[in-house]
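Data first, discussion second: the structure below is written as structure tokens.
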Amino acid sequence: MAKFSQLKRMGLVLNKLNDRQGSRYVPAEDLLRHIENFGYGSEYGEGEPCSLRTLQRDFKTIDQLFGITIKHCAGRGYYIAERDHEANADSYEALLINFEMLSSIDQDSTLQQYVLPEHRRPALHTDFGLMLEALRRGRVLEFRYTLVRHGNRVVEKRLQPYFLKESQQRWYLIGFEADDKGKRMEAAASPAAGLKSFAVDRISGLAMDASQRFKRDERIDRETLFQDCFGIWNDPTMPVEEIILRYDTLDAAFLKTFPLHTSQEILEETDTSVTLRVRLRVTNDFVMELLKRSRSVEVLQPRSLRRRLHEVYAEALNRNAGNAGDAGNPPAATDRPKKAAPKDGGH
Numbered sequence: 275m276a277k278f279s280q281l282k283r284m285g286l287v288l289n290k291l292n293d294r295q296g297s298r299y300v301p302a303e304d305l306l307r308h309i310e311n312f313g314y315g316s317e318y319g320e321g322e323p324c325s326l327r328t329l330q331r332d333f334k335t336i337d338q339l340f341g342i343t344i345k346h347c348a349g350r351g352y353y354i355a356e357r358d359h360e361a362n363a364d365s366y367e368a369l370l371i372n373f374e375m376l377s378s379i380d381q382d383s384t385l386q387q388y389v390l391p392e393h394r395r396p397a398l399h400t401d402f403g404l405m406l407e408a409l410r411r412g413r414v415l416e417f418r419y420t421l422v423r424h425g426n427r428v429v430e431k432r433l434q435p436y437f438l439k440e441s442q443q444r445w446y447l448i449g450f451e452a453d454d455k456g457k458r459m460e461a462a463a464s465p466a467a468g469l470k471s472f473a474v475d476r477i478s479g480l481a482m483d484a485s486q487r488f489k490r491d492e493r494i495d496r497e498t499l500f501q502d503c504f505g506i507w508n509d510p511t512m513p514v515e516e517i518i519l520r521y522d523t524l525d526a527a528f529l530k531t532f533p534l535h536t537s538q539e540i541l542e543e544t545d546t547s548v549t550l551r552v553r554l555r556v557t558n559d560f561v562m563e564l565l566k567r568s569r570s571v572e573v574l575q576p577r578s579l580r581r582r583l584h585e586v587y588a589e590a591l592n593r594n595a596g597n598a599g600d601a602g603n604p605p606a607a608t609d610r611p612k613k614a615a616p617k618d619g620g621h
């Protein structure tokens with residue numbers, strides 16, 4: 275089974291083989307040096323020198339898990355000889371490289387001298403390698419899942435895994451819940467109907483049922499799965515709405531370079547404000563994103579979203595009411611307003 279450090283090392287290998295600077299081949303010594311520079315040497319001790327034998331085992335694992343064949347040409351070096359397009363090798367290669375990039379800068383990395391990583395990270399205790407293997411081979415996964423919105427109740431799940439998605443610094447496992455025989459539990463009104471998302475940081479006790487294989491529904495268009503939503507929530511029963519927002523020029527400057535959504539377009543721009551439009555489903559994730567720029571955001575449309583933000587602000591003002599001199603003496607718990615239940619949400 276691919277370990278955490280081995281996944282990072284395989285990502286480094288693919289990164290190097292794809293960055294050939296005009297040459298198809300990468301000599302073994304260049305690959306070994308590249309891996310050692312990042313401190314992911316041996317299988318059993320990070321920081322130890324990487325051997326050619328370890329590298330060759332990685333090549334075999336990459337072929338088995340991702341359908342990417344790496345070969346050697348005498349006198350020239352290693353190269354990517356073949357990608358299994360039927361097994362979506364390109365997609366898994368991109369995922370593995372992205373995983374390596376997101377996770378390579380840690381306390382053991384030599385990059386720590388030059389790069390200041392984000393200190394706020396989700397705690398991950400799950401075997402990513404096992405998830406990737408189940409995705410690649412079409413195997414059912416079993417795990418325990420913590421329902422935060424339901425008093426941290428823990429439930430048992432069986433899943434046909436389809437995708438891993440990163441959203442707002444968290445990873446999510448997406449798939450169809452399965453019965454004891456590995457079959458989809460819900461009848462599909464459409465290919466993607468019934469897809470559910472599970473936060474990886476709330477998964478524990480992960481295991482793969484190697485005896486049960488499912489056939490992946492290739493009709494699912496992954497490019498459109500989340501195109502009408504912000505973040506990870508995508509409830510097809512919710513309407514896609516036209517949302518018009520106004521920001522001051524300072525906040526708008528940031529939104530121009532990092533749009534709220536792919537549908538974002540500027541309707542009007544003045545010396546003091548920018549009015550823009552997006553088209554998506556109004557989920558709790560999107561409302562939380564709007565609240566990040568509360569200092570200037572004004573909802574012009576729809577009125578339901580404007581009222582929703584107004585209610586949040588009113589509750590926040592009530593919670594934080596009091597004179598500045600009372601800041602060190604917060605009101606008693608019995609004096610605080612009850613927290614409103616979320617209007618939508620998943621697991």
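For the sequence shown, my numbering assigns the number 275 to the initial residue and increments by one for each residue that follows. The C-beta atom is built at its ideal place from N, Cα and C for all residues, glycine as well.
- Query: So does the segment 279-287 actually touch the segment 401-416, counting three or more Cβ pairs closer than 8 angstroms?
  - Reply: The way I'd put it, the segment 279-287 does touch the segment 401-416; three or more beta-carbon pairs between them come closer than 8 angstroms.
- Cβ shell of ASN292 (< 7 angstroms), same chain only, five flanking positions each side left out: Answer for ASN292: no residue qualifies.
- Ignore the nearest five residues each way along the sequence and tell me which others in ASP525's own chain have a CB closer than 6 angstroms to its CB. Here the set comprises ARG567, SER570.
- Message: Using the Cβ count rule (16 or more neighbours within 10 Å means buried), how would you classify PRO435?
- Response: Under the 10 Å beta carbon count, PRO435 is surrounded by 16 or more other beta carbons and is classified as buried.
- Leaving out the 5 sequence neighbours to the left and right, which residues in its chain are closer than 7 angstroms to TYR521 when beta-carbon positions are compared? Cβ within range, chain order: LEU529, SER547, VAL548, ARG567, SER570, VAL571.
- Shortest alpha-carbon distance to ARG423 belongs to which of MET459, ALA473, LEU565? Here the closest residue by C-alpha is ALA473.
- Message: Can you give me the C-alpha to C-alpha distance between GLU585 and TYR419, rounded to a whole angstrom?
- Response: Cα-Cα distance, rounded: 32 angstroms.
- Query: Once you ignore the five residues that flank LEU515 on each side, which residues in its own chain have a CB closer than 8 angstroms to its CB?
  - Reply: In the sequence as presented, Leu is not what sits at residue 515; that position holds Glu. Result list for GLU515: ARG553, LEU554, ARG555, VAL556, PRO576, LEU579, in chain order.
- Query: Is VAL429 near LEU438, with beta carbons less than 8 angstroms apart?
  - Reply: At a Cβ-Cβ threshold of 8 angstroms, VAL429 and LEU438 do not count as neighbours.
- Can you tell me which of the three DSSP states ARG581 falls into? Look at ARG581 here: in three-state DSSP terms it is helix.
- Which two residues bound the contiguous beta strand (DSSP E) that contains VAL414? Counting along the chain, the beta strand (DSSP E) containing VAL414 begins and ends at 413-421.
- For ASP351, write down the residues that DSSP places opposite it in a beta bridge. Checking the sequence, you will find Gly at residue 351 rather than Asp. The partner list for GLY351 (beta bridge, DSSP) reads CYS347.
- Task: Tell me, please, which residues DSSP counts as bridged to ARG551.
- Result: According to DSSP, ARG551 bridges with ILE518, GLU539.
- Task: Please classify ALA348: is it buried, with 16 or more other beta-carbons within 10 angstroms of its beta-carbon, or exposed?
- Result: Answer is exposed; the Cβ neighbour count stays below 16.
- Message: In the DSSP output, what is ARG432 paired with across the bridge?
- Response: DSSP output for ARG432 lists GLU416 as bridge partner(s).
- From this set, GLY505, GLN486, SER471, which residue's C-alpha is nearest LEU564's C-alpha? LEU564 has its Cα closest to that of GLY505, out of GLY505, GLN486, SER471.
- Cut-off 6 angstroms between Cβ atoms - residues of its own chain near MET512, not counting five sequence neighbours on either side: Excluding residues within five positions, the ones whose Cβ falls inside 6 angstroms are ARG555.
- Message: I believe ALA481 touches ARG413 by the beta-carbon criterion, under 8 angstroms. Please report the beta-carbon distance rounded to the nearest angstrom.
- Response: Rounded, the Cβ-Cβ distance is 10 angstroms, inconsistent with contact.
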